[in-house]
Amino acid sequence: MLTFDQIKGQDTVIAQLRRSVLEKRIGHALLFAGPPGVGKGTTAQVLAAALNCLQPWEGNPCGQCASCRLMISGNHPNLYRLLPGERSIKIEQIRQLQQTLSYKRWGSGYKVAILEGAEALTLSAANSMLKILEEPPSATCFILVTDNVSALLPTIVSRCQKLLFHQLSQSVLQELLREHGLEPERAELLARLSGGSMARALALAGDEAFWEDRRLAREYCRLLEEGDLWESLELAALLEKRHNPGQILDFMEIWLRDLLVWQLCPSARLLINCDCVEEIANGRYCPANLQKALAELHLTRRRLHQNANKRLALEVMALKLSRELPAAKEVTG
Ligand SMILES: [Zn+2]
């Protein structure tokens, strides 16, 4: 069974929760907010186990007692987990939760209701939840988990004790990925590419399309550097056919970002594409032109996001980059 000790990279929140368990002073409504995949859901489950454990040590659940065994089996009568069904949490689910919470609790611990994806509460469900929070049942702890606080009713947010989770640092993420059995080089690369989210890093590890998009992005950047207009237009057509052109643009942006970083401060530690240091170090580019190319990529991504004509947006980008990138490269003559 996981303990607070094993949750990495969220020291402030964990210290606070551990203290609450030790002092047996837990708020009736907690809001776990922060980016996806950084340990909010796991922490909620550890807290639920700790609040019910019969022989906790240093605020951690023991993993051995009758309560912990029930937690491990997923059948603890004091634990309720509510997940969005069909992308929303409906009022019927909240009513059902309220009904279930009215039953007698098991042992002397806390009933813990975890609402994962709390931003998915419909308006009526949120109002119903608000009523519960205004008159909370005794010995009950609600944990609302969200990666989008601004989508929650402000009245709900104000009734909760807010605990902020942060992006995982690169070193923490790298360590966690290695513990998951990833090769050190791949763990390092994924830690840099996944924006501080363990869930994203793990999802990407086995996602072949992701690695293929990354390979293509580098190929496209090299092709655009040659400045051939005809080839650039063909490239736009190829990009349009890909399942997720936005992801290729992301990778192109990361690639150009690395080229730019190297021109300004040549340190491998600062690169995201840490497996391509040699190739990046061999290039000489004009930073101003790289910045223009990056701005163009950024603009194209926004256009795609706003549902502009995809083909047209990609063609305009390809044409502009086929001018900016050779200009950036020509700086050394
Ligand atoms: Zn226990």
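Read left to right, the sequence shown gives residues 228 to 560 (my numbering). A virtual CB, placed ideally from N, CA and C, is assigned to each residue, including glycine. Since the model is a prediction, treat every value here as computed from it, not as a measurement.
#### Entry: Cβ-heavy atom distance, Glu336 to ligand 1, below 7 Å
It should be pointed out that residue 336 corresponds to Gly in this sequence rather than to Glu. For ligand 1, not one heavy atom lies less than 7 Å from the Cβ of Gly336.
#### Entry: Beta carbon of Val240 nearer than 8 Å to that of Phe478
no
### Message
How far does the beta strand (DSSP E) with Val339 in it extend, from its first residue to its last?
### Response
338-343
### Query
Shortest alpha-carbon distance to Cys368 belongs to which of Asp232, Ala545, Glu362, Ala256?
Ala256
### Message
Using only CA atoms, which one of Ile253, Pro262, Leu526, Arg252 lies nearest to Gly236?
### Response
It is Pro262 whose Cα lies nearest to the Cα of Gly236.
### Message
Is Leu281 near ligand 1 - that is, is its Cβ less than 7 Å away from at least one heavy atom of it?
### Response
yes
### Query
Do the segment 469-486 and the segment 445-459 meet, that is, are 3 or more Cβ pairs less than 8 Å apart?
Counting C-beta pairs with one atom in each stretch, the segment 469-486 and the segment 445-459 have three or more that are closer than 8 Å, which means they touch.
### Query
For Leu391, which residues does DSSP report across the bridge?
Partner(s): Ala260.
### Task
Tell me whether Ala545 is buried or exposed, calling it buried when 16 or more other Cβ atoms sit within 10 Å of its Cβ.
buried
### Task
Report buried or exposed for Gln272, applying the criterion of at least 16 other Cβ atoms within 10 angstroms of its Cβ.
buried
### Query
Are the segment 288-306 and the segment 333-347 touching, with three or more C-beta to C-beta distances below 8 Å?
yes
### Task
Compute the Euclidean distance between the alpha carbons of Trp438 and Ala515, then round it to the nearest angstrom.
29 Å
### Inter-residue Cα distance where the pair is Leu498 and Val504
8 Å
### Query
Going by Cα to Cα distance, which pick from Leu342, Lys556, Asn509, Trp333 is closest to Leu324?
Leu342
### Query
Is Asp232 helix, strand or coil when you go by DSSP?
helix
### Message
Using a Cβ-Cβ cutoff of less than 6 Å, which residues in the same chain neighbour Leu360 once the five nearest sequence positions on both sides are dropped?
### Response
Ala256, Arg386
#### Entry: Where Val214 sits in the DSSP three-state scheme
Because residue 214 is not part of the residues shown, which for the chain are 228 to 560, the question remains open.
### Query
Helix or strand or just coil, what does DSSP make of Tyr330?
coil
### Message
I'd like to check one pair, Leu371 with Ala345: are the Cβ atoms closer than 8 Å?
### Response
yes
### Message
Quick check: the Cα distance between Gln388 and Phe231, rounded to an integer number of angstroms?
### Response
Near 19 Å, if we compare the C-alpha coordinates of Phe231 and Gln388.
### Rounded separation between Ser247 and Ile253 - CA only
5 Å
### Message
What would DSSP say about Ser315, mapped onto helix, strand or coil?
### Response
strand
### Task
Have a look at Gly290 and Gly408 and give me their C-alpha separation to the nearest angstrom.
24 Å
### Message
If contacts are defined as beta-carbon pairs under 8 Å, then Leu390 and Leu278 qualify, I think. What distance do you get, rounded to the angstrom?
### Response
That belief does not hold up - the Cβ atoms of Leu390 and Leu278 are roughly 15 Å apart, past 8 Å.
### Task
Spell out the partners DSSP gives Arg308 in its beta bridges.
Ile341
### Task
State the Cα-Cα distance for the pair Gly560 and Gly454, rounded to the nearest angstrom.
Because Gly560 sits at a pLDDT of 45, beneath the cut-off of 50, its placement in the model cannot be relied upon, and the following sentence gives the value as read from the coordinates. If you take the alpha carbons of Gly560 and Gly454, they lie about 15 Å apart.
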